[in-house]
Ligand code: DWN
Ligand code: ZN
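In our numbering, the protein residues as written are 668 to 1075.
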């Protein structure tokens, strides 16, 4: 049977495939290579509602469970970003509200909510992965270990009342049943409340060919047009859009109930700008497919040349994104000796699909490789600062997306 768009139910078909891909955040021990879970990562663009989406997604429990390997607090830069985000919410959004109630969908280890807790704001985090949620709980952040759904929203309304602010960062695009999230938001949101979420922005992915933003967890890559369409299905209204530099280019979407708040000019101008730039046209995605193939050829040729010169290469930061790159480009230990990373749950394990050993970043300096393939270009400034000595001593950094500048 053909595929139907997850948002508007129109028939859609994949414009490209990234081939067989594993669970991006499931780092393996050496005894678990056999029987590793894979799915065909085919991607579609819906010409009707403009939603960019995966054709198939693993069950959410395969990805978000008690050994979810990503902790928001792993980046100092992101912790600062969420502090600033909380300031924006408190000063620009709920400024005059008495005793506001803030809910975060997918609160992870509480990096965002701790800013609300310390300001004495009523808050609640919803997080399905118990291991990361328990870090939030241990810091005194009110947290429920659960998936966000209409039923949960109803029970939250009876337990706590409606929410003045519902927040989510890098979460909504992870949920295949995105319509149930919007339905749950429309149940939980106060009449004059706002729903603010931030996700990687489709236009940045297309313009920079950062195809590594596509992996199992990212069912969708949102644009202003697709969010505008989705909002209307639930009588919500997109009232503002604010570009962010995080994750290689993200967008903050601000929604309210229809007719309850003023829509900024930015929304109208950016809706038109996306159309004019071709973001809502299917031929853009055929071009994107060709660009991905070009980036793969270029990266492999760089790695091959270095190896034929007898030099060593390691990876830096075992990001979720790196799983798409290593599997799509077939980068194994033939090229990379290992990947250095800071996450205890990844260290001592092997990368999904390509089985490259992950080592503690503290050993990076002594290892002193000839070349480093940087997977976390979004954390480049932070990593460059940490590894300044390597660079000063003549070490070489390679961008995992050829042509994408490493911000030093
Ligand atoms: O959307 C998502 C984003 C927010 O986070 C999730 N689906 C999963 C995750 O994606 P990611 O793994 O691509 O995130 P990051 O933040 O680009 O990368 C984090 C990884 O990088 C961690 O494994 C830790 C590592 N890292 C490191 O080794 N040294 C990170 C920093 C900042 C460092 O200095
Ligand atoms: Zn659609």
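Built from N, CA and C at the ideal position, the CB exists for glycine as well.
For residue i, the three-state DSSP class (helix, strand or coil)
{"i": "residue 670", "result": "strand"}
{"i": "residue 796", "result": "coil"}
{"i": "residue 802", "result": "helix"}
{"i": "residue 991", "result": "helix"}
{"i": "residue 731", "result": "coil"}
{"i": "residue 771", "result": "strand"}
{"i": "residue 1063", "result": "strand"}
{"i": "residue 1022", "result": "coil"}
{"i": "residue 960", "result": "helix"}
{"i": "residue 705", "result": "strand"}
{"i": "residue 969", "result": "helix"}
{"i": "residue 718", "result": "coil"}
{"i": "residue 745", "result": "helix"}
{"i": "residue 1049", "result": "helix"}
{"i": "residue 755", "result": "helix"}
{"i": "residue 1012", "result": "coil"}
{"i": "residue 1057", "result": "helix"}
{"i": "residue 684", "result": "strand"}
{"i": "residue 761", "result": "coil"}
{"i": "residue 1007", "result": "strand"}
{"i": "residue 726", "result": "coil"}
{"i": "residue 955", "result": "helix"}
{"i": "residue 1031", "result": "helix"}
{"i": "residue 983", "result": "strand"}
{"i": "residue 679", "result": "strand"}
{"i": "residue 882", "result": "coil"}
For residue j and residue i, the rounded distance between their alpha carbons
{"i": "residue 780", "j": "residue 747", "result": "12 angstroms"}
{"i": "residue 729", "j": "residue 1031", "result": "31 angstroms"}
{"i": "residue 726", "j": "residue 971", "result": "36 angstroms"}
{"i": "residue 731", "j": "residue 840", "result": "14 angstroms"}
{"i": "residue 1024", "j": "residue 826", "result": "46 angstroms"}
{"i": "residue 880", "j": "residue 992", "result": "10 angstroms"}
{"i": "residue 1056", "j": "residue 1044", "result": "18 angstroms"}
{"i": "residue 862", "j": "residue 895", "result": "13 angstroms"}
{"i": "residue 875", "j": "residue 847", "result": "31 angstroms"}
{"i": "residue 1037", "j": "residue 1059", "result": "13 angstroms"}
{"i": "residue 1007", "j": "residue 930", "result": "45 angstroms"}
{"i": "residue 715", "j": "residue 950", "result": "14 angstroms"}
{"i": "residue 778", "j": "residue 759", "result": "20 angstroms"}
{"i": "residue 822", "j": "residue 1054", "result": "48 angstroms"}
{"i": "residue 915", "j": "residue 1042", "result": "12 angstroms"}
{"i": "residue 893", "j": "residue 776", "result": "29 angstroms"}
{"i": "residue 1020", "j": "residue 703", "result": "8 angstroms"}
{"i": "residue 933", "j": "residue 750", "result": "24 angstroms"}
{"i": "residue 788", "j": "residue 753", "result": "11 angstroms"}
{"i": "residue 886", "j": "residue 814", "result": "16 angstroms"}
{"i": "residue 882", "j": "residue 910", "result": "22 angstroms"}
{"i": "residue 1028", "j": "residue 978", "result": "20 angstroms"}
{"i": "residue 844", "j": "residue 713", "result": "16 angstroms"}
{"i": "residue 690", "j": "residue 705", "result": "7 angstroms"}
{"i": "residue 800", "j": "residue 722", "result": "29 angstroms"}
Check: residue i C-beta below 7 angstroms from any heavy atom of the ligand ZN
{"i": "residue 675", "result": "yes"}
{"i": "residue 713", "result": "yes"}
{"i": "residue 996", "result": "no"}
{"i": "residue 959", "result": "no"}
{"i": "residue 840", "result": "no"}
{"i": "residue 1051", "result": "no"}
{"i": "residue 1005", "result": "no"}
{"i": "residue 716", "result": "yes"}
{"i": "residue 774", "result": "no"}
{"i": "residue 672", "result": "yes"}
Check: residue i C-beta below 7 angstroms from any heavy atom of the ligand DWN
{"i": "residue 741", "result": "yes"}
{"i": "residue 1013", "result": "yes"}
{"i": "residue 1028", "result": "yes"}
{"i": "residue 884", "result": "yes"}
{"i": "residue 1008", "result": "yes"}
{"i": "residue 971", "result": "no"}
{"i": "residue 876", "result": "no"}
{"i": "residue 651", "result": "The chain is shown from 668 up to 1075; residue 651 falls before or after that span and cannot be answered."}
{"i": "residue 986", "result": "yes"}
{"i": "residue 914", "result": "yes"}
{"i": "residue 837", "result": "yes"}
Distance cut-off 7 angstroms: residue i Cβ against heavy atoms of the ligand GDP
{"i": "residue 1045", "result": "Ligands displayed in this structure: the ligand DWN and the ligand ZN; the ligand GDP is not among them."}
**Request:** Report yes or no: do the region 821-838 and the region 768-785 share at least 3 C-beta pairs separated by less than 8 angstroms?
**Result:** yes
**Prompt:** If you pair each beta-carbon of the region 1061-1072 with each one of the region 1007-1022, do three or more pairs fall below 8 angstroms?
**Reply:** no
**Item:** Inter-stretch contact at 8 angstroms, needing at least 3 Cβ pairs: the region 939-946 / the region 995-1008
**Value:** no
**Prompt:** Is the region 800-812 touching the region 851-867 in the sense that three or more CB pairs, one from each, lie closer than 8 angstroms?
**Reply:** no
**Ranges of the alpha helix (DSSP H) found wholly within the region 894-952, counting only runs of at least 4** = 932-943
**Message:** Using 8 angstroms as the cut-off, can you tell me whether the region 683-699 makes contact with the region 978-996, which would need three or more C-beta pairs spanning the two stretches below that distance?
**Reply:** yes
**Request:** Please specify which runs of the alpha helix (DSSP H), each continuous and at least 4 residues long, are wholly inside the region 783-871, giving them in chain order.
**Result:** 797-805, 817-827 and 845-855
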